[in-house]
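Residue numbers (the working numbering), protein chains in the order written: chain A, 1 to 83; chain B, 1001 to 1241.
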């Protein structure tokens, strides 16, 4: 779901549908009742390749001590909402 | 000639009764996603009904508001078409009813949006987008059920045949009305023929043409629907959430 133009799509949930066309409509009915979005993507669960919780250490921990990768060494200008 | 009050009341009653019938699916639909979809559509219909009945009450000038019109009339005073009061039947019957209703309401509201009556034009402009979605939703299901399994095809075809006779009443000529229903028939036929063809369904032959809803002569099903819809308001007049 893209909440509004300029923002990227964000995962909002999962649902059942017999095919992609109906999945799009079901998503519209379930997730845009309160004007939550202006664009919807649907992806079949079978098309998602996910990282495994078992691999968490190897995948994510090595980044923990590499402070030089973080963009924290300059000030963020005021009024930049979505940096 | 029917007055603008009768005309507006008829459109409002169509939407109100359709909303009440669709609401019966809430928590009973085949899947959760469809449950929400049907409830959304019912609420769209209810929204249109409220605007139309409020306007009808003002046209009448007898001090009746939307609640008085919705809750304090008996079946003979309702002006809805018979199509919307028919029982939901199985899911195929519900989809056939919704499909035919939306295929009628979309050109109706579109034409109303350009009519000379300012209030009806505003209501039409709002409701036509909703109707377009109702038509989309029902069309997708008619196609999937019609062009689905042998059993779904059989039931969808039976549903179309069961409901088809009730569509003729929608287009009874009313030349003095803001939008003459007879002028909507061509759009309806084009839409219905295209969807039925894609759904591998056969459009039934025109024969029996039940009517009378616009004159307050209804099927026996309407009284039961009204009893359920009105009981709370009649038992506790003016009750609010």
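Note that CB positions come from ideal geometry on N, CA and C, so glycine has one too.
Item, Value
"Please list the partners that residue 1037 of chain B has in chain A, where partner means a Cβ-to-Cβ separation under 9 angstroms.", "25, 26, 28, 29 and 30"
"Does residue 1032 of chain B pass the burial test, meaning 16 or more other C-beta atoms within 10 Å, or should it be called exposed?", "exposed"
"Would you say residue 1078 of chain B and residue 1222 of chain B are within 8 angstroms of each other, going by their C-beta atoms?", "yes"
"Please confirm whether residue 1069 of chain B has its beta-carbon closer than 8 angstroms to some beta-carbon of chain A.", "no"
"When DSSP labels each residue in this structure, what does residue 46 of chain A get in the three-state scheme?", "helix"
"Compare the Cα-Cα distances from residue 1093 of chain B to each of B/1232, B/1146, B/1050 and B/1106 and report the closest residue.", "B/1146"
"Between the stretch 1018 to 1035 of chain B and the stretch 1108 to 1121 of chain B, can you find at least three pairs of beta-carbon atoms closer than 8 angstroms?", "no"
"Residue 1154 of chain B to residue 1200 of chain B, Cα distance in whole Å?", "11 angstroms"
"Closest Cβ-Cβ distance between residue 34 of chain A and chain B: below 8 angstroms?", "no"
"May I ask you to verify whether the stretch 1131 to 1139 of chain B touches the stretch 1091 to 1105 of chain B, counting CB pairs closer than 8 angstroms and requiring at least 3?", "yes"
"Could you give the DSSP three-state label for residue 1144 of chain B: helix, strand or coil?", "helix"
"Of all Cβ atoms in chain D, is any one closer than 8 angstroms to the Cβ of residue 1022 of chain B?", "Considering every chain present, this structure includes no chain D. Its protein chains are A and B."
"Tell me whether the beta-carbon of residue 1188 of chain B lies closer than 8 angstroms to the beta-carbon of residue 1087 of chain B.", "no"
"Which same chain residues end up closer than 6 angstroms to residue 1161 of chain B when comparing Cβ atoms and leaving out the 5 residues on each side of it in sequence?", "1204"
"Mind checking if residue 1028 of chain B is an interface residue toward chain A, Cβ cutoff 8 angstroms exclusive?", "no"
"Could you tell me which residues DSSP pairs with residue 2 of chain A in its beta bridges?", "A/39"
"Applying the 10 Å Cβ sphere with the 16-neighbour rule, what's the burial state of residue 1001 of chain B?", "Because residue 1001 of chain B carries a pLDDT of 44, less than 50, the predicted location of this residue cannot be relied on, and the following value inherits that uncertainty. Counting Cβ neighbours within 10 Å, residue 1001 of chain B comes out exposed, since fewer than 16 surround it."
"Drop a sphere of 10 angstroms on the beta-carbon of residue 1069 of chain B, count the other beta-carbons inside from all chains shown, and report buried for 16 or more, exposed for fewer.", "buried"
"Can you tell me whether DSSP reads residue 80 of chain A as helix, strand or coil?", "coil"
"For chain A, is any of its Cβ atoms less than 8 angstroms away from the one on residue 1128 of chain B?", "no"
"Could you compute how far the alpha carbon of residue 988 of chain B sits from the alpha carbon of residue 1005 of chain B?", "Nothing can be reported for residue 988 of chain B, as the shown portion of chain B is limited to 1001 through 1241."
"List the residues of chain B whose Cβ lies closer than 8 angstroms to the Cβ of residue 16 of chain A, in chain order.", "1031, 1032 and 1033"
"Please report the straight-line C-alpha distance between residue 1021 of chain B and residue 57 of chain A, rounded to a whole angstrom.", "55 angstroms"
"Near residue 1071 of chain B, which residues of its chain fall below 8 angstroms by C-beta distance, leaving aside the five closest residues on each side in sequence?", "1229, 1230, 1233 and 1234"
"Could you pull out every residue in the same chain whose Cβ sits closer than 6 angstroms to the Cβ of residue 1026 of chain B, ignoring the five residues on either side in sequence?", "1039"
"Pick out whichever of B/1112, B/1144, B/1048 and B/1054 has its Cα sitting closest to the Cα of residue 1181 of chain B.", "B/1112"
"Buried or exposed: residue 75 of chain A, going by 16 or more other Cβ atoms within 10 Å of its Cβ?", "exposed"
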